[in-house]
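Take a look at the structure below.
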Amino acid sequence: MAKKEETLESGNEAIGGEPRVYELGFHLDPELPAEEVKKSYQTVRDLIMGASTIVAEGEPEKIQLAYTISRQDVAGRRDFNSAYFCWIAYETTPENHGEIIAAASENQRIIRFIDVLTTKEAARHAVEMRDIAETIAKPDEDADTGSGAELDAVLENIVV
């Protein structure tokens, strides 16, 4: 009787080569021109698409970092206080997952990344929550935002 191969991966068991859902979150160099940020993001996205199925994604957005990230490169030490944050949730086999992580590690435009095991539902929920946050952050141009009651009504409609 043949025994199934089992591996331990991030505290969860992966049986054989069954596909799993992962989320790669990464910071791109904030000094890149806008066109290069898009190209760098697209390069990572194309790599992931070649080895998996994309479940959800968040395109590059420049953010202030909570703490300084220091990185040593050929030109010397560089400190980053901001970065372009991006994320891609994807479904792939453990073998292809290893290739994606190796490529992210070698990409010099990525200053830091994290890759976690997730679910399709959690990834899609993150997109929904981002859309809601953007709706709240950008007031409706036609609405008068002077009244607290009007804001409560707008928020109630978003929640429902």
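Using the numbering used here, the first residue of the sequence shown is number 7, and each one after it goes up by one. Even for Gly, the Cβ is constructed at its ideal location relative to N, Cα and C. This structure is a prediction, so every number in the text was calculated from the model and none was measured.
Given a length threshold of 4 residues, each whole run of the alpha helix (DSSP H) inside the stretch 87 to 131 is given here in chain order: 100 to 112.
Of Lys126, Ser111 and Ala57, the smallest CA-CA separation from Ile120 is found for Ser111. In this structure, the beta-carbon distance from Arg118 to Ser46 does not fall below 8 Å. A check of alpha carbon separations from Gly104 across Arg84, Ile54, Val80 and Lys44 identifies Ile54 as the nearest. Taking the C-beta atoms as reference points, Val43 is found no nearer than 8 Å to Ala129.
When C-beta atoms of the stretch 69 to 79 are compared with those of the stretch 87 to 97, three or more pairs fall below 8 Å, so the two segments count as touching. Under the three-state reduction of DSSP output, Asp35 falls in the coil class, being neither helix nor strand. Distance from the CA atom of Arg77 to the CA atom of Ala109, rounded to whole angstroms, is 18 Å.
Selection Thr98, Gly31 and Ala40 evaluated against Gly56 yields Thr98 as nearest (Cα-Cα). DSSP, reduced to helix, strand and coil, places Ser76 within a strand of the structure shown. The Cβ atoms of Val122 and Glu41 do not sit closer than 8 Å to each other. Within the DSSP secondary-structure output, Ala62 pairs in a beta bridge with Ala95.
Shortest Cα-Cα distance from Leu34 to any of Val50, Glu134, Pro25 and Ala81 involves Val50.
Measuring C-alpha to C-alpha distances from Asp52 to each of Ala159, Gly31 and Ile106 identifies Ile106 as the nearest. In the three-state DSSP reduction, Lys68 falls in the strand class (E or B).
Judged by beta-carbon spacing, Ser58 lies beyond the 8 Å limit of Asn113, meaning their Cβ atoms are not closer than that value.
Distance between Tyr96 and Asp79, taken at the CA atoms: about 30 Å.
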